[in-house]
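These notes are about the structure you will find just below.
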Amino acid sequence: MSDRNFTVIENTFITIADGTRLAARMWMPENAENDPVPTVFEFLPYRKGDGTCARDESTYPQFAKAGIAGVRIDIRGSGESDGVIDGEYTELELANACELIAWIADQPWCNGSVGMMGISWGGFNCLQVAALNPPALKAVISIASTVDRYNDDIHYKNGCHLGAQLSWAGTMLAYQSRSPDPALVGDDWRAMWLDRLKEEPFFLEEWLQHQTRDEYWKHASICEDFDEVKIPSMVLAGWADGYRNTPMRAIEGMPDRSKALIGPWVHKYPHFAWPKPRADFTSEAIKWWNKWLRGDDNGMDDLPQMRAYILNGPKPAPRRDFDPGFWIAKDNWSQPETKTLYVNDGKLAFDAADDASIAPDIYLKSPLDTGTAAGEYFTLKPDAEMAIDQRPDDAGSLVFETAPLEAEIDLLGRPVLRVDLECDADWSNLCARLVDVHPDGTATRVSFGVLNLAHRELDANYADPKPMPRGQKVTITLVLDACGYRFNAGHRLRLALSTSYWPMILPPPFDAGLTIAPSSIAFDLPLLGAHEKIEVKEPDNPDPLPKYIEHKPGRTERSVQRNLTQNETRYRIYEDTGVNEHPDSRLSTRQVRSETWTINPLDPTSVTGEAAWTCDLERDEWSVRTDCHAELTCDRHNWYVSAWVIGYEGSEQVFEKTWEKTIPRNFM
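According to the UniProt record's numbering, the sequence shown is numbered sequentially starting from 1.
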């Protein structure tokens, strides 16, 4: 369909059945009421007016020009929507989404076919809503999402407690405490804001009360029954992001109705993500919507099941703008053939050791601050949020590596480690990393996996942790994250094992060591195998995000400090967005985030985390600010959670609220 003009409806309210008004921003192709069009729906708590506006303005106008309407709606209690949010992916949220899809399909400008799209939260809930089968929902595009809320989100990973859980709880506190925009909701803004501040939950309290994979996490995890998703799903992710496993899991669980695309990217839409190369997401999405919402015979159903960018030996850097590599396609994805590494005479080798060269057991107890080179769980920028040179972490780890490779090895899939070990406590964490050692010694992390050894019995599905048996070796299977990577000739493969990976994961309540049998190690590498090299089109516009008015530049810092006198390691993050004004709404915004983790490398109960946010909104003489602070500490038996929010109108404090809770540790 040729390009057509469109109009933008900056704000309109949709009243759902319980009387709640949800705020929407719409991009409407011209003459849609006389010539109904397909519609794409996105449902988020991230504030359409000042949170996601830039990325929305890079995608929805392109859809509208192609004759596809866009409807971006704030979840209740977010942005200009009424009410108070009640949690992540709740039954109420998903029911509201289904009701909104029916409302959209019933509008005179919609042809009755709705698609749902999103990244992160919106990527999660579009798959979750698809599993509920609202009749008008015909296809989804899910970016940087999960099919398993317990093992592949920011809360827990294979029974380990992710530090990102505190970080995200602070982030959501900051998002939900911001005021509606008076220009859009009128004089009711203050009452809406104060009610939101009074009633908003602190998510960490709920998350920490579910430390195993119970019904709370099974809810909305579509891996519980992939067959419930009956519509076509395009699932995208980036190797630099924490959600890299989802495209593979989606096409394995829904092979006849899903397509995977994995690039080198951080947690961003592919048409403006880093590291490059990017993908022309908007053009491909338009073809996807035209196929499934309009019935065009354009070949999108014949896309290869898997398209992936194979990284070709990138090096860590202060900023990774471009990662070398090449695109491949597999028409049909299946579990890859593997090549197994063993420890032979103290080194990794593709030949198992004979009886004469079996190595003695090795005791491993990493310093508790091992892990500061890990980067973020999910990354938003291609800087030190990505894993840096691994040599500092490898120094606190047990490492085995190959001789320099004589020929390249290409991988695509999830490495699997099997090892026999004994734990000198009830449990410990185990981290395994696959590392590319360049000829100059630089170490690039290719893949990693973590496991709480109390959750070693995979059949228990992380729901029934048990102590490790004392004085007895146990065979552990650890599945690492997916990777697509070329190890070049002259490089070495390294396996690094550690009992700590802080602050990515938090330590158990005791400083446990492991006795590892090197002769038992079998490390299966997923081979790329037969494939077709392809080209993935890059966007015509190399800089698609709109430019706003910058009144003050932003600043980012990330540092590790070791106080040798106090024996304390401090990991600090500071991010200031600067002050930016939207040229149309004239709303100026600023967010400042400060996050600090501390630990004594000899005391696991010394770990502390603090996440603080200051959020400013301003237009003319009107201004509001919220200060938010969340903290997590512990002892051997409990987690201690606290938080506070303070609201200001102008310079006057108008609100204050605190939370405090003690939550018993459950094998964590």
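Built from N, CA and C at the ideal position, the CB exists for glycine as well.
| Asked | Found |
| --- | --- |
| Exposure of Ala17, with buried meaning 16 or more beta-carbon neighbours within 10 Å | exposed |
| Contacts around residue 669, its chain only, beta-carbon distance under 8 Å, and the 5 residues preceding and following it disregarded | The structure shown has nothing for residue 669, since the chain only spans 1 to 668. |
| Sub-8 Å separation of Thr442 and Pro264 beta-carbons | no |
| Whole-Å CB distance - Tyr574 paired with Ser588, under 8 Å assumed | In fact, because the Cβ distance is near 21 Å, the residues do not count as touching under 8 Å. |
| Pairwise C-alpha distance: Asp393 and Trp327 | 31 Å |
| Completely contained alpha helix (DSSP H) runs for the region 187-227, where each covers 4 or more residues | 189-199, 203-208 and 215-218 |
| Buried or exposed by the 16-neighbour rule on C-beta atoms within 10 Å, applied to Ala211 | The residue you asked about is not Ala; residue 211 is Gln in the sequence shown. Classification for Gln211: buried. |
| Simplified DSSP assignment, three categories, for Met1 | The predicted model places Met1 with a pLDDT of 36, which falls under 50 and marks its position as unreliable; any figure quoted below should be read in that light. DSSP places Met1 in coil when its eight states are reduced to three. |
| Outcome for His551 when other beta-carbon atoms lying within 10 angstroms are tallied against a minimum of 16 | exposed |
| Whole runs of the beta strand (DSSP E) within the region 381-405, excluding any shorter than 3 residues | 398-401 |
| Buried versus exposed, by CB contacts within 10 Å (16 or more), Ala489 | exposed |
| Sufficient close CB pairs (3 or more, under 8 Å) joining the region 269-283 to the region 291-301 | no |
| Close beta carbons around Leu251, own chain, < 6 Å, minus the five adjacent residues each side | Before going further, note that residue 251 is Ile rather than Leu in the sequence given. Cβ within range, chain order: Ser258, Ala260, Gln305 and Trp333. |
| With 16 other Cβ atoms within 10 Å as the buried cut-off, status of Ala191 | exposed |
| Any C-beta of chain D under 8 Å from that of Leu162 | Of the chains in the structure shown, none is chain D; there is only one protein chain. |
| Closest residue to Tyr571 among Pro201, Ala349, Thr340 and Met504 (Cα-Cα distance) | Met504 |
| Nearest neighbour of His491, chosen from Phe510, Leu434, Pro518 and Glu535 [CA to CA] | Leu434 |
| Helix, strand or coil at Gln128 [DSSP, three-state] | helix |
| Buried versus exposed call for Ser2 [16 or more other C-beta atoms within 10 Å across all chains shown] | At Ser2, the pLDDT of 43 sits below 50, so the modelled position is not reliable; the number obtained from the coordinates is stated separately. Ser2 is exposed by the Cβ-count criterion. |
| Gln305 - partner residues in DSSP beta bridges | Its beta-bridge partners do not exist; DSSP assigns none. |
| Contact under 8 Å by Cβ, Val147 with Met117 | no |
| Same chain, Cβ closer than 7 Å to Gly112, five either side skipped, listed in chain order | Ala105 and Ala136 |
| Start-end ranges of the beta strand (DSSP E) lying completely within the region 239-302, minimum 3 residues | 258-263 |
| Sequence-distant residues of its chain with Cβ nearer than 6 Å to Phe226 (five each side left out) | Gly253 and Met254 |
| For Ala104, the first and last residue of its enclosing alpha helix (DSSP H) | Ala is not the amino acid found at residue 104; the sequence shown has Ile there. That run of the alpha helix (DSSP H) goes Glu91 to Ala105. |
| Outcome for Phe487 when other beta-carbon atoms lying within 10 angstroms are tallied against a minimum of 16 | buried |
| C-beta contact flag for Ala220 and Tyr377 at 8 Å | no |
| Residues that DSSP places opposite His161 in a beta bridge | Tyr156 |
| C-alpha gap between Phe523 and Phe400, whole angstroms | 11 Å |
| Rounded straight-line distance, which links the Cα of Pro336 to that of Arg494 | 21 Å |
| Whole-number beta carbon distance between Asp361 and Ile516, since they are thought to touch under 8 Å | 7 Å |
| Sequence ranges, beta strand (DSSP E) only - wholly within the region 600-627, length at least 3 | 603-619 |
| Buried versus exposed call for Phe43 [16 or more other C-beta atoms within 10 Å across all chains shown] | buried |
| Exposure of Ser145, with buried meaning 16 or more beta-carbon neighbours within 10 Å | buried |
| The region 460-480 / the region 416-428 touching (three or more Cβ pairs under 8 Å) | yes |
| Alpha carbon of Glu215 to alpha carbon of His438, nearest angstrom | 45 Å |
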